Amino acid sequence: MARSRAPRQGPGRPRRPVAPEKGFTLGQVAAAVGGRVHGDDGTRLTGVATLDTAGPGDLSWVADDRRERDAKSSRAGALLVPDARLSADTPCVVVASPQLALSIWLASLHPEEKTPAGAARGSFVHRSVRLGAGASVAAGATVEKGARIGARTRVRAGAFIGAEAEVGADSVVGPGAAVMARCKVGDRCILQPGAVVGSDGFGYVWDGQGHRKVPQVGIARLEDDVEIGANATVDRATLGETVIGRGTKVDNLVQVGHNVTVGAHSILCGQAGIGGSSRLGRGVTLAGQVGVSDHATIGDGAVVTGQAGIARQGRVEAGQIVSGMPALPHREFLKRAALVGKLEAALARISALEAALAKLEKGGPPWSSGSEKS
Amino acid sequence: MARSRAPRQGPGRPRRPVAPEKGFTLGQVAAAVGGRVHGDDGTRLTGVATLDTAGPGDLSWVADDRRERDAKSSRAGALLVPDARLSADTPCVVVASPQLALSIWLASLHPEEKTPAGAARGSFVHRSVRLGAGASVAAGATVEKGARIGARTRVRAGAFIGAEAEVGADSVVGPGAAVMARCKVGDRCILQPGAVVGSDGFGYVWDGQGHRKVPQVGIARLEDDVEIGANATVDRATLGETVIGRGTKVDNLVQVGHNVTVGAHSILCGQAGIGGSSRLGRGVTLAGQVGVSDHATIGDGAVVTGQAGIARQGRVEAGQIVSGMPALPHREFLKRAALVGKLEAALARISALEAALAKLEKGGPPWSSGSEKS
Amino acid sequence: MARSRAPRQGPGRPRRPVAPEKGFTLGQVAAAVGGRVHGDDGTRLTGVATLDTAGPGDLSWVADDRRERDAKSSRAGALLVPDARLSADTPCVVVASPQLALSIWLASLHPEEKTPAGAARGSFVHRSVRLGAGASVAAGATVEKGARIGARTRVRAGAFIGAEAEVGADSVVGPGAAVMARCKVGDRCILQPGAVVGSDGFGYVWDGQGHRKVPQVGIARLEDDVEIGANATVDRATLGETVIGRGTKVDNLVQVGHNVTVGAHSILCGQAGIGGSSRLGRGVTLAGQVGVSDHATIGDGAVVTGQAGIARQGRVEAGQIVSGMPALPHREFLKRAALVGKLEAALARISALEAALAKLEKGGPPWSSGSEKS
Chain E
854 MARSRAPRQG PGRPRRPVAP EKGFTLGQVA AAVGGRVHGD DGTRLTGVAT
904 LDTAGPGDLS WVADDRRERD AKSSRAGALL VPDARLSADT PCVVVASPQL
954 ALSIWLASLH PEEKTPAGAA RGSFVHRSVR LGAGASVAAG ATVEKGARIG
1004 ARTRVRAGAF IGAEAEVGAD SVVGPGAAVM ARCKVGDRCI LQPGAVVGSD
1054 GFGYVWDGQG HRKVPQVGIA RLEDDVEIGA NATVDRATLG ETVIGRGTKV
1104 DNLVQVGHNV TVGAHSILCG QAGIGGSSRL GRGVTLAGQV GVSDHATIGD
1154 GAVVTGQAGI ARQGRVEAGQ IVSGMPALPH REFLKRAALV GKLEAALARI
1204 SALEAALAKL EKGGPPWSSG SEKS
Chain V
854 MARSRAPRQG PGRPRRPVAP EKGFTLGQVA AAVGGRVHGD DGTRLTGVAT
904 LDTAGPGDLS WVADDRRERD AKSSRAGALL VPDARLSADT PCVVVASPQL
954 ALSIWLASLH PEEKTPAGAA RGSFVHRSVR LGAGASVAAG ATVEKGARIG
1004 ARTRVRAGAF IGAEAEVGAD SVVGPGAAVM ARCKVGDRCI LQPGAVVGSD
1054 GFGYVWDGQG HRKVPQVGIA RLEDDVEIGA NATVDRATLG ETVIGRGTKV
1104 DNLVQVGHNV TVGAHSILCG QAGIGGSSRL GRGVTLAGQV GVSDHATIGD
1154 GAVVTGQAGI ARQGRVEAGQ IVSGMPALPH REFLKRAALV GKLEAALARI
1204 SALEAALAKL EKGGPPWSSG SEKS
Chain G
854 MARSRAPRQG PGRPRRPVAP EKGFTLGQVA AAVGGRVHGD DGTRLTGVAT
904 LDTAGPGDLS WVADDRRERD AKSSRAGALL VPDARLSADT PCVVVASPQL
954 ALSIWLASLH PEEKTPAGAA RGSFVHRSVR LGAGASVAAG ATVEKGARIG
1004 ARTRVRAGAF IGAEAEVGAD SVVGPGAAVM ARCKVGDRCI LQPGAVVGSD
1054 GFGYVWDGQG HRKVPQVGIA RLEDDVEIGA NATVDRATLG ETVIGRGTKV
1104 DNLVQVGHNV TVGAHSILCG QAGIGGSSRL GRGVTLAGQV GVSDHATIGD
1154 GAVVTGQAGI ARQGRVEAGQ IVSGMPALPH REFLKRAALV GKLEAALARI
1204 SALEAALAKL EKGGPPWSSG SEKS
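Protein chains in written order, with the numbering used here: chain E, 854 to 1227; chain V, 854 to 1227; chain G, 854 to 1227.
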């Protein structure tokens, strides 16, 4: 295939994106995304690319007015636009949200792979397991006693489903991902490679000789439409459940501690971590590498910016944007950073004041002695 | 089972915890944890739950006096308490440490799963491997040439034990976890899913054309009673050993670099990272997302708070508590944060002083010109 | 073997490193590393160890003059030195770079393991897969339809190679590591255990009801001589490619987002994270736990120090060293930290000035009232 023969290039140079096998027309795009064609709806295209990398055979998209210049200079053969004006003479499809239209069209170009239903040769599926219609378990994967796999769900190579665990319908458990015993995964969930759902929570009690493990007998439960990133980890609860709410998306290498509750439609970005028993509301955003300590509470729609830290039992109010460690309202964080930038000048001003005052008083008074050197 | 039929609930709502198959009496609890019953020792219970989620069929616990109000308002059928006074009329078992009693009782309710001894069909165990009595290797797991697995140790699905590696007795190597060649894992150790022990250290030397790999020919060694979290990584030493001391617990996604030594009974919380050749003492605590750079030294019993950073060759004295990046004694860290909060007012005071002095001197002197704008 | 019988020791105690099966002479070392022998080139040695742990049977090395004292006090039987003077009477080999000589010699002592060529019993290799000469696929590993594995490349136990993925020659895909569909890995690359190349990028668009997944149809591509650490993750591009440049080394638990480009010979240390579409130049160093947000640009040879954060669309110029969050030039970062340390004294000086001025003016004027308490 063309992409296999693509010459090696140094990093940083733009390159043509992966192209689908056969072409398509702009009319097909408009029909699929529910948009209006301006220009020739017979325009033939073979791929999808960003404005800067697109060629005459590519469909591209213009997110909004700020991309107008890039749109004008793009070599794309056709565009998805919010307003025909943005495409000049290039054939286009007008839609409310070009990004949404793009993802709809990409999905239609790249349908989910089909895998032959059932347990593949080389998979290890306990006879008590209930496999839904069209569900598949790949070679090297294990599904333990009493587990249930929903219809059309794909358990991929080397994945692990523990005893009595439940995975809903139309979900994907990626290569090497694990759903531990008794944990629950909803419908249309995706576990990226190496994701772990239901590892033991980090709970110990000192017994005089050492840290004695507190048995972690609860579960982890993912509601529907949850995605868990590659090598991310969600601990099971000590008692009860760790819950990731419906539609919440969790990026790679994120850690979710035991008994945590994350509300629906939240976004946890790469390498964020949440300590035990914390509660996040709906539509919360944790940016990359954010740390939320134990027993914290984060309200609906709150945003914690990159690398910020929420203290033990800390509170972030609904809708608040916080930054820094310890976390402050974002404005206050920026203001303080700016003020620290004025510190050197401020110390100089203090020294100048001391000198001037000393002059007025004829000779440096004791209170300023040496303080300029401090 | 009840827990399989539990209805879906939105996040944030308390729910009844997972219950064991059959019930138990308060007398059985007292006998198991070595406590004294107040009230009817025939009280029948079916589960264990937190004070706020417990129902009449549940055993709960009261950590200390601060939970007295919650204890009074709890619907729990019985309580583990440090003092009978805390349970009012609810039947209770009095013990020195309710948490310890809780974990003892949970362990007795949920005994370690037994797996059929030996190498399961679909496992790949080299003929030279020595499997201890009662040890098991699950389907999809690999144990390479010359490795030794101790008595009753469980190597779970898809796990990897490299050539000449040694795992002690009564340990668990979780699904997809790896113990690389020649590394050593002690007795009663637990590797959570995806944990890696003995990956190559990150060592290179520039050879004029590129970063040339320094062969990592040492090993990683876990002493007895060590637990390694899900997808956590412990690198092997360049030469010699990387060592995790007896009873030390390592949380998910923690990184331990090559040639690091961690003393006994330490706690490394989620996503903490330790650079090469650093030495941690006994009973050290690294909170979540702490970063310890290369060649640092952290004394016995020291505590590094969340997201703090210890510099290259940095030192934390025994028993010290440090915070921030660069790390400072915790008190100093808090003080500085508070002082920065006074910066805006301080700059206003400086401007006021300049104005007042200028007045005294009849007209602004050169040294203050513009400085208010700085 | 000796190393298997090594007695358990407490952490922190130096110990003899792992020794090769049979001994060697200093002359053999000199020949292998291209150095000049001082003293008896027949000196027999059995191992390699650091200066402090080496015994009479060990070869050690002296990096530079700063190690002179350690060199004199070392019990090593022979030394690799940049200058004969540093070894006193100990037999030595003089080389330009002792570290480079060390890694050359260690490599010769510990040659790459050979594995029998071909697909092992218990591996799952699609009949369409092209396996290069001498390439091997271990038990429990899966290679999907249309993938290509280069000559002498080792796909280890439980590893996953997706459909149409390509791995070059002389590479190693470690236990449980994954190269997802259509992704490309160059020659002489190493994927440590659990590394994931080509997981889906974290891209969603709100569709009115929820976060709709943007299909990630691009690939991830590793150029030649790249190493990816244990459980590190490299996301595939939404469109086009995520690229890790030739000779770049990536440590454990690092996250590389979709459409990121990393130049050649860069170093990404443990737990660093890079957001989507950011571009790193050649020879960039990200220290441990560094966070680079989306759409940032980092110039050739730049260094970002530990735990520093680069903002969205942030820029670091070529050769610059930056620290802190938000990141500042390293000097400025240190200066500000020092200035904050003077804040308490500065506030005292302001109060003293206010008191003195008030005295001059006979009685506290309104502008200072209360401000000392602020």
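Even for Gly, the Cβ is constructed at its ideal location relative to N, Cα and C. Bear in mind the structure is a predicted one, so any value in this text is a computation, not a measurement.
Pick out whichever of the options has its Cα sitting closest to the Cα of residue i.
i	options	result
A1090/E	N1084/E, K967/E and V1109/E	V1109/E
A1117/E	A1155/E, R920/E, K1212/E and D1147/E	A1155/E
G1172/E	D1153/E, S926/E, R1005/E and A885/E	D1153/E
T1101/G	G1134/G, T943/G and A1199/G	G1134/G
L904/V	A885/V, A929/V, T1158/V and L898/V	A929/V
G910/V	P944/V, A916/V and E921/V	P944/V
G1039/E	A884/E, A1018/E and G1056/E	A1018/E
L984/G	I1014/G, I1174/G and F877/G	I1014/G
R1009/E	R1074/E, L1139/E, D1023/E and T1086/E	D1023/E
R889/E	L879/E, R897/E and A1000/E	L879/E
V1107/G	Q1124/E, I1120/E, V1113/E and V1115/E	Q1124/E
G1054/E	N1112/E, R974/E and R1168/E	N1112/E
K1037/V	P1068/V, T1095/V and A907/V	T1095/V
G1071/V	I1151/V, G1047/V, G1093/V and H1064/V	G1093/V
L1044/E	R1035/E, G1051/E, G1027/E and S1052/E	G1027/E
S1052/E	P1179/E, G999/E and Q1069/E	Q1069/E
G1159/E	G1136/E, R1168/E, A1149/E and F1186/E	F1186/E
A1048/E	V982/E, G1162/E and D1088/E	D1088/E
Classify residue i: buried if its beta carbon has 16 or more other beta carbons within 10 angstroms, exposed otherwise.
i	result
Q952/G	buried
L1213/V	exposed
W1059/G	exposed
G1216/G	Residue placement at G1216/G is flagged as unreliable, the pLDDT there being 47, under the threshold of 50; a coordinate-derived value is accordingly withheld.
S1227/V	Any reading at S1227/V must be qualified, since the residue scores a pLDDT of 38, below 50, and its modelled position is unreliable; the value itself is stated next. Looking at its Cβ environment, which holds fewer than 16 other Cβ atoms inside 10 Å, S1227/V is exposed.
A941/V	exposed
R858/V	With a pLDDT of only 30 at R858/V, under the threshold of 50, the placement of this residue in the model should not be trusted; the figure read from the coordinates follows. Exposed, since its Cβ has fewer than 16 Cβ neighbours within 10 Å.
P870/V	With a pLDDT of only 41 at P870/V, under the threshold of 50, the placement of this residue in the model should not be trusted, and no figure is reported.
D1104/V	buried
R861/G	With a pLDDT of 34 at R861/G, under the threshold of 50, the modelled position of this residue cannot be trusted, and the question is left open.
R1202/G	buried
G1223/G	Reliability of the predicted coordinates at G1223/G is poor, the pLDDT of 43 falling under 50, and the value obtained from them is presented with this limitation in mind. G1223/G comes out exposed.
S926/E	exposed
In chain E, which residues lie less than 8 angstroms from residue i when you measure between Cβ atoms?
i	result
L1075/V	In chain order: nothing, as chain E lies at least about 14 angstroms away.
Q1108/V	Going along chain E, no residue has its Cβ under 8 angstroms from Q1108/V, so there is no contact; the nearest lies around 11 angstroms.
S1146/G	A1140, G1141 and G1159
Applying a beta-carbon distance threshold of less than 9 angstroms, which residues of chain G neighbour residue i?
i	result
I1203/E	A1199, R1202, I1203 and L1206
Run down chain G in chain order and give the residues with a C-beta less than 8 angstroms from the C-beta of residue i.
i	result
F1055/V	G1082, K1102, D1104, N1105, C1122 and G1123
T995/V	A991, A992, G993, A1010, G1011 and P1028
Would you mind telling me which residues of chain E sit closer than 7 angstroms to residue i, beta carbon to beta carbon, in chain order?
i	result
T1086/G	A1083, N1084, N1105 and L1106
H963/V	P1068 and V1070
My guess is that residue i and residue j are in contact by the Cβ rule of under 8 angstroms, so how many angstroms apart are they, rounded?
i	j	result
L933/V	L962/V	So it is not a contact: roughly 13 angstroms between Cβ atoms.
Chain V partners of residue i, CB-CB under 9 angstroms?
i	result
V1058/E	S950, Q952, L953, L955 and S956
Going along chain G in order, which residues have a C-beta closer than 7 angstroms to the C-beta of residue i?
i	result
H1118/E	G1063 and H1064
V901/E	L1092
F1186/V	Neighbours of F1186/V on chain G: none; closest Cβ ~11 angstroms, over 7 angstroms.
Fully enclosed by the segment 932-986 of chain G, which alpha helix (DSSP H) runs are 4 residues long or longer?
Qualifying alpha helix (DSSP H) stretches, in chain order: 951-962.
Unbroken stretches of the beta strand (DSSP E), 3 residues or longer, contained in the segment 870-903 of chain E:
For the segment 870-903 of chain E, the full-length beta strand (DSSP E) segments reaching 3 residues or more read 889-891 along the chain.
My parser needs the beta strand (DSSP E) runs of 3 or more residues fully inside the segment 1145-1186 of chain V; what are they?
With a minimum length of 3 residues, the unbroken runs of beta strand (DSSP E) contained wholly in the segment 1145-1186 of chain V fall at 1174-1176.
Pick out the complete beta strand (DSSP E) segments inside the segment 1045-1082 of chain V, 3 residues or longer, and give them in chain order.
Runs of the beta strand (DSSP E) spanning 3 or more residues and lying entirely within the segment 1045-1082 of chain V occur at 1049-1052, 1057-1059, 1064-1066 and 1072-1075, in chain order.
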